[in-house]
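Chains as they are written, first to last, in our numbering: chain E, 1 to 227; chain L, 228 to 454.
Reviewing the structure listed below.
There are 2 protein chains.
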Amino acid sequence: MPRHADPNAKEALVAAARAEFARGGLRGARIEDITAACGLSKGAFYLHFESKEALFGELVQLFQARMSACATDRTESFRKFAEEHGPVGPRDVQERTPRYQELVALDVRLDEAALEAMWEYRDVLGVLVRGSQGTPFEGALWELVDVEVNRVRKSFEDLQCQRTCRTDIPGELFGSLIVGTYLLLGIRMTRMYDKPDLAAWAAQLHTLINEGSQPVDFKNSVARSKP
Amino acid sequence: MPRHADPNAKEALVAAARAEFARGGLRGARIEDITAACGLSKGAFYLHFESKEALFGELVQLFQARMSACATDRTESFRKFAEEHGPVGPRDVQERTPRYQELVALDVRLDEAALEAMWEYRDVLGVLVRGSQGTPFEGALWELVDVEVNRVRKSFEDLQCQRTCRTDIPGELFGSLIVGTYLLLGIRMTRMYDKPDLAAWAAQLHTLINEGSQPVDFKNSVARSKP
DNA sequence: CCGATTTATGACCTGTGGGTCAGAAATCGC
DNA sequence: GCGATTTCTGACCCACAGGTCATAAATCGG
Numbered sequence: 001m002p003r004h005a006d007p008n009a010k011e012a013l014v015a016a017a018r019a020e021f022a023r024g025g026l027r028g029a030r031i032e033d034i035t036a037a038c039g040l041s042k043g044a045f046y047l048h049f050e051s052k053e054a055l056f057g058e059l060v061q062l063f064q065a066r067m068s069a070c071a072t073d074r075t076e077s078f079r080k081f082a083e084e085h086g087p088v089g090p091r092d093v094q095e096r097t098p099r100y101q102e103l104v105a106l107d108v109r110l111d112e113a114a115l116e117a118m119w120e121y122r123d124v125l126g127v128l129v130r131g132s133q134g135t136p137f138e139g140a141l142w143e144l145v146d147v148e149v150n151r152v153r154k155s156f157e158d159l160q161c162q163r164t165c166r167t168d169i170p171g172e173l174f175g176s177l178i179v180g181t182y183l184l185l186g187i188r189m190t191r192m193y194d195k196p197d198l199a200a201w202a203a204q205l206h207t208l209i210n211e212g213s214q215p216v217d218f219k220n221s222v223a224r225s226k227p
Numbered sequence: 228m229p230r231h232a233d234p235n236a237k238e239a240l241v242a243a244a245r246a247e248f249a250r251g252g253l254r255g256a257r258i259e260d261i262t263a264a265c266g267l268s269k270g271a272f273y274l275h276f277e278s279k280e281a282l283f284g285e286l287v288q289l290f291q292a293r294m295s296a297c298a299t300d301r302t303e304s305f306r307k308f309a310e311e312h313g314p315v316g317p318r319d320v321q322e323r324t325p326r327y328q329e330l331v332a333l334d335v336r337l338d339e340a341a342l343e344a345m346w347e348y349r350d351v352l353g354v355l356v357r358g359s360q361g362t363p364f365e366g367a368l369w370e371l372v373d374v375e376v377n378r379v380r381k382s383f384e385d386l387q388c389q390r391t392c393r394t395d396i397p398g399e400l401f402g403s404l405i406v407g408t409y410l411l412l413g414i415r416m417t418r419m420y421d422k423p424d425l426a427a428w429a430a431q432l433h434t435l436i437n438e439g440s441q442p443v444d445f446k447n448s449v450a451r452s453k454p
């Protein structure tokens, strides 16, 4: 039995590729630069990956799986919540019952988890935003965005039927607001070195979107109950 | 005096180029396709433009100028409004005075104008989003986005000082919400054939962001005054 | 130490598309 | 019609980067 393959060559290539992708996008990342960063030759790349696109495809699949997990986690968590705490109606919202407050806390936690996923894959997100036309990933992000907008739209419309959300806003527009905001935050993460306080972002966005930008004094006094 | 230049060659090239850019981005648009669409040869392109990037640069400048005009128009309109109607304070917001309602209407009109500009340049916007690494336009959109986020942040912080906006949200996050929402709507315009009802979008977004997503019944009753 | 076998190398091939330029075509004054 | 002049054409050049493959290097059993 002959020469052994470098055991950590593949993960080194993936790491170097992510760095190159982050720098210059899918097209701007040259294979020779990726391999050079690992002390390998161009040919070595093709021992581990079908092509540059194939490597990126693996990353995209991981990212999509992660985001998809966030979505299923959300529906599952809400289902469980309704099972354990019963349905949350308009009165709960109006009176800020403990049940409602727990639901808000859960929602914020789930949003934070989504932001966390975006932070970990912000390099992949950056490449997807830039798109790199001519590759299979041209519209990948926008398909994901459409899916997310529709998911938000649907859940918003459900809440509208239950009268726990205002009914004079189309769900589509609300979805664009949510997804657009999170997407831009993700894009801005691309250029950050230190991780921002994602929990604070999630909580503040939740407050802003639920209660609006007007001063809190104007809301009816029942609403606030801060310790 | 000899052969005349085709008088509408340049505008035909611009139109064809915009169509090609919309299809495949800056990189995906081939010069031969652009000229072929006008019944011209490849060489003719270089009689009118320095390069493909130069043509796109002209479009970007027009787009940037248009967006910049929207911004100056906004500050100017608000200045004039304050001059004519006096400053709008927290009480105006709380009691929905006619002065406040006029300000809201003005704000919505200005937002609609910005959406209109994005609609007209949605092809350019699409290319800028996709970025086309290696060109001078790589980060052009994100610079514009940063400028806009900061503009919104600053005006939001001013309103916070005047107590006409809630003070528990960082201006940066509010800016990301506004710009992110409008950017995503712009991106989604890229794939639309018919112009959506931009006035409705502007008005609904304004309502949603000001008053939040909670049912209107919960707001204090002074607030609503719909004919 | 040999040769079998798998891994790694990098010179080479190749398609692509931006940009060029010698020459053809058009249009004028005369 | 003729040449002068400007407009237009498209075959050609070339840089670039993805992908290939003959060759070399490493590592084993025997």
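No residue lacks a Cβ here, since even glycine has one placed at the ideal position from N, Cα and C.
Open item on the list: Quick check: Gln195 of chain L and Val93 of chain E, are their CB atoms within less than 8 Å of each other?
Closed with: This structure leaves residue 195 of chain L out entirely; chain L is present only between 228 and 454.
Task: chain L contact for Asn150 of chain E (CB, 8 Å cutoff) - done: Locating residue 150 of chain E in the first sequence gives position 150, where the first residue counts as 1. Taking Cβ atoms only, chain L never reaches closer than 8 Å to Asn150 of chain E, which makes this a no.
- [ ] State buried or exposed for Thr262 of chain L, treating a residue as buried only when at least 16 other CB atoms are found within 10 Å of its CB.
- [x] As a first step, residue 262 of chain L is located in the second sequence; it is residue number 35 there, counting from the start. That one is buried.
Open item on the list: Suppose you measure from the CA of Val331 of chain L to the CA of Gln64 of chain E; what does that come to, to the nearest Å?
Closed with: Position 104 of the second sequence holds residue 331 of chain L. Position 64 of the first sequence holds residue 64 of chain E. Their Cα atoms are separated by approximately 40 Å.
Open item on the list: Looking only at its chain, what residues have a beta carbon closer than 7 Å to the beta carbon of Lys10 of chain E, apart from the 5 residues adjacent to it on each side?
Closed with: The sequence position of residue 10 of chain E within the first sequence is 10, counting from 1. Excluding residues within five positions, the ones whose Cβ falls inside 7 Å are His48.
TODO: Would you mind sorting Tyr121 of chain E into buried or exposed? The rule is 16 or more other CB atoms within 10 Å of its CB.
DONE: Sequence index remark: in the first sequence, residue 121 of chain E carries index 121 (1-based). Buried, by the Cβ-count rule.
Open item on the list: Distance cutoff 8 Å, beta carbons only. Does Ser382 of chain L sit that close to anything in chain E?
Closed with: Position 155 of the second sequence, counting from 1, holds the residue named residue 382 of chain L. No, Ser382 of chain L lies away from the interface with chain E (no Cβ there is under 8 Å from its Cβ).
- [ ] Taking only beta-carbon positions, decide if Ser452 of chain L is within less than 8 Å of chain E.
- [x] Counted from its first residue, the second sequence places residue 452 of chain L at position 225. Bear in mind that the predicted position of Ser452 of chain L carries a pLDDT of just 40, short of 50, making it unreliable; the figure below should be weighed with that in mind. Cβ-Cβ to chain E under 8 Å: no for Ser452 of chain L.
Task: Residue from E:Leu208, E:Gln162, E:Ser176 whose Cα sits closest to the Cα of Pro232 of chain E - done: What the structure shows of chain E is the stretch from 1 to 227, and residue 232 of chain E is not part of that stretch, so it cannot be assessed.
TODO: List the endpoints of the continuous alpha helix (DSSP H) containing Ser440 of chain L.
DONE: On the second sequence, position 213 is the one that residue 440 of chain L refers to. From DSSP, Ser440 of chain L is part of no alpha helix (DSSP H); its letter is neither H nor E.
Open item on the list: Less than 8 Å between the beta carbons of Val108 of chain E and Val60 of chain E, yes or no?
Closed with: Here the question's residue 108 of chain E lines up with position 108 in the first sequence. Here the question's residue 60 of chain E lines up with position 60 in the first sequence. Cβ distance not < 8 Å, so Val108 of chain E and Val60 of chain E don't count as in contact.
- [ ] Taking Val145 of chain E as the reference, give the member of E:Tyr46, E:Ala71, E:Cys38, E:Ala29 with the closest Cα.
- [x] Translated into positions along the first sequence, residue 145 of chain E becomes position 145. For the residues E:Tyr46, E:Ala71, E:Cys38, E:Ala29, the minimum Cα distance to Val145 of chain E belongs to E:Ala71.
Open item on the list: At the 8 Å Cβ level, is Thr319 of chain L part of the contact set with chain E, yes or no?
Closed with: Sequence index remark: in the second sequence, residue 319 of chain L carries index 92 (1-based). It is Asp, not Thr, that sits at residue 319 of chain L in the sequence shown. Not an interface residue.
- [ ] Could you name the residues of the same chain whose beta carbon sits closer than 6 Å to that of Val354 of chain L, not counting the 5 residues immediately before and after it, in chain order?
- [x] Numbered from 1 along the second sequence, position 127 holds the residue referred to as residue 354 of chain L. Result list for Val354 of chain L: Phe248, Gly252, Leu253, in chain order.
Open item on the list: Just checking: is the beta-carbon of Gln214 of chain E within a distance shorter than 8 Å of some beta-carbon in chain L?
Closed with: Counting from one through the first sequence, the residue named residue 214 of chain E turns up at place 214. It does: the Cβ of Gln214 of chain E has a partner Cβ on chain L nearer than 8 Å.
- [ ] Tell me whether Gly131 of chain E sits in a helix, a strand or coil according to DSSP, three-state version.
- [x] For this step, residue 131 of chain E is matched to residue 131 along the first sequence. Looking at Gly131 of chain E - three-state DSSP - the assignment turns out to be strand.
Open item on the list: Counting only beta-carbon separations shorter than 8 Å, does Val179 of chain E have a partner in chain L?
Closed with: As a working mapping, residue 179 of chain E is identified with position 179 in the first sequence. So yes, Val179 of chain E belongs to the interface.
TODO: State buried or exposed for Ala225 of chain L, treating a residue as buried only when at least 16 other CB atoms are found within 10 Å of its CB.
DONE: Since the first residue shown for chain L is 228 and the last is 454, residue 225 of chain L is missing from the structure and cannot be characterised.
Task: Per-residue DSSP class, three states only, for Leu404 of chain L - done: In the second sequence, the residue the question calls residue 404 of chain L occupies position 177. In the structure shown, Leu404 of chain L sits in a helix (DSSP, three-state: H, G or I).
Task: Nearest-angstrom beta carbon gap, Trp428 of chain L and Leu333 of chain L [assumed within contact, 8 Å] - done: Here residue 333 of chain L refers to the residue found at position 106 of the second sequence. Here residue 428 of chain L refers to the residue found at position 201 of the second sequence. Actually they do not touch by this definition, with Cβ atoms about 17 Å apart.
Task: 8 Å Cβ shell around Arg378 of chain L - same chain, five flanking residues per side excluded - done: The residue given as residue 378 of chain L occupies position 151 in the second sequence. Result list for Arg378 of chain L: Ala298, Gly402, in chain order.
Task: Within the stretch 67 to 113 of chain E, ranges of the alpha helix (DSSP H) (whole runs, at least 4 residues) - done: 90 to 95
Task: Spatial neighbours of Gly398 of chain L in its chain, beta-carbon cut-off 6 Å, leaving aside the 5 residues before and after - done: Walking along the second sequence from the start, residue 398 of chain L turns up at place 171. The residues are Arg380, Phe383, Glu384.
Task: Where Val463 of chain L meets chain E, residues with beta-carbon distance less than 9 Å - done: Only positions 228 to 454 of chain L appear in this structure, which leaves residue 463 of chain L out of reach.
- [ ] Report the neighbours of Leu431 of chain L on chain E: residues whose CB is nearer than 8 Å to its CB, in chain order.
- [x] The residue you call residue 431 of chain L lines up with position 204 of the second sequence. Note that residue 431 of chain L is Gln in the sequence shown here, rather than Leu. Neighbours of Gln431 of chain L on chain E, chain order: Asp168, Ile169, Pro170, Leu173.
TODO: Can you grab the Cα-Cα spacing for the pair Gln360 of chain L / Cys38 of chain E, in whole Å?
DONE: Stepping through the second sequence from its first residue, residue 360 of chain L is reached at position 133. Stepping through the first sequence from its first residue, residue 38 of chain E is reached at position 38. Whole-angstrom Cα-Cα distance: 24 Å.
TODO: Answer yes or no: do Arg415 of chain L and Gly131 of chain E have a C-beta to C-beta separation smaller than 8 Å?
DONE: The residue labelled residue 415 of chain L in the question sits at position 188 within the second sequence. The residue labelled residue 131 of chain E in the question sits at position 131 within the first sequence. No, the pair does not count as a contact, with Cβ atoms beyond the cut-off.
Open item on the list: Within 8 Å of any Cβ in chain L, is that where the Cβ of Gly57 of chain E sits?
Closed with: As a working note, residue 57 of chain E is residue 57 in the first sequence. Not an interface residue.
TODO: Just tell me which of E:Leu177, E:Leu159, E:Asp168 has its CA closest to the CA of Glu148 of chain E.
DONE: Working through the first sequence from its first residue, we reach residue 148 of chain E at position 148. When each option's Cα is compared against that of Glu148 of chain E, the closest is E:Leu177.
Task: Members of the stretch 285 to 312 of chain L near chain E, C-beta cut-off 7 Å - done: none
Open item on the list: Here's the rule: buried if 16 or more other CB atoms are within 10 angstroms of the residue's CB, otherwise exposed. What is Tyr409 of chain L?
Closed with: Start at 1 with the first residue of the second sequence, and residue 409 of chain L comes out as number 182. With 16 or more Cβ atoms within 10 Å of its Cβ, Tyr409 of chain L is classed as buried.
Task: Three-state class that DSSP yields for Thr167 of chain E in the structure shown - done: Stepping through the first sequence from its first residue, residue 167 of chain E is reached at position 167. Correct three-state label for Thr167 of chain E: coil.
Open item on the list: Looking at chain E, is there any beta carbon in it that lies within less than 8 Å of the beta carbon of Ser403 of chain L?
Closed with: Residue 403 of chain L sits at position 176 when you count from the first residue of the second sequence. It does; some Cβ of chain E falls within 8 Å.
Open item on the list: Tell me which residues share the same chain as Ala296 of chain L and place their Cβ nearer than 6 Å to its Cβ, disregarding the 5 neighbours each side in the sequence.
Closed with: Taking the second sequence and counting its residues from 1, one reaches residue 296 of chain L at position 69. Result list for Ala296 of chain L: empty, nothing under 6 Å.
Open item on the list: Using a Cβ-Cβ cutoff of less than 8 Å, which residues in the same chain neighbour Glu329 of chain L once the five nearest sequence positions on both sides are dropped?
Closed with: The sequence position of residue 329 of chain L within the second sequence is 102, counting from 1. Cβ within range, chain order: Phe308, His312.
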